[in-house]
Every structure is written in C-alpha cells, then in structure tokens.
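Report on the structure given below.
Residue numbers (my numbering): 3 to 89.
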C-alpha cells in the first residue's frame with residue numbers, strides 16, 4: 003500500500019472545497035495534480051459520511067426548535083382566554 007504524501011490532507015480538503023463549489027472531478031484532479039480516481043476515492047471516503055453527520059446534527063437542531071415552539075404555543079394557550087366559538 004502506498005504512503006500518503008504530507009500535502010495529502012491539504013489536498014483532500016481543497017478537493018472537498020472545489021467539489022462542493024461544483025467543479026467537476028476531472029478539473030479538481032488537474033488542479034491538484036492527482037488522478038481522477040484519487041479525487042473520486044477522496045469524495046467517496048469523506049463525502050457521504052460527513053454529509054450524513056451534518057444532516058443528523060441539523061435534524062436534531064430542528065427537532066429541538068419544534069419542541070420549543072410547541073412549548074411556547076402551549077404556554078400561550080394557557081395564558082389566553084378561550085374565544086367565544088358561537089357566531
């Protein structure tokens with residue numbers, strides 16, 4: 003198995019950034035001086051896992067926000083007198 007070059011972590015980070023900006027893998031590989039296969043391997047090993055972690059964190063954040071909104075609504079319902087429902 004080949005060893006990573008010292009610049010590999012920086013190159014991977016730059017590749018992730020460029021891919022995130024929408025640059026094609028072929029262009030990213032050319033800019034960084036690596037093979038297209040390497041760019042695809044980097045994306046596969048870092049992309050979905052980090053995207054999944056970010057998505058899970060966002061879901062948790064939104065669930066907490068919904069819970070807070072429900073608590074505020076419940077408190078407001080207790081404070082407000084009921085409206086007359088007859089017309």
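Idealized CB from N, CA, C, for every residue including glycine. Please read these numbers as outputs of a predicted model, since none were measured by experiment.
Here residue 85 carries a coil assignment [DSSP, helix/strand/coil]. Contact between the region 19-38 and the region 54-68 is not established, with fewer than three Cβ pairs separated by less than 8 Å. For residue 18, the enclosing alpha helix (DSSP H) stretches over residues 10-22. A straight-line Cα-Cα distance of about 56 Å links residue 86 and residue 23.
In the pairwise beta carbon analysis, the region 38-48 is classified as not touching the region 63-83: fewer than three pairs are separated by under 8 Å.
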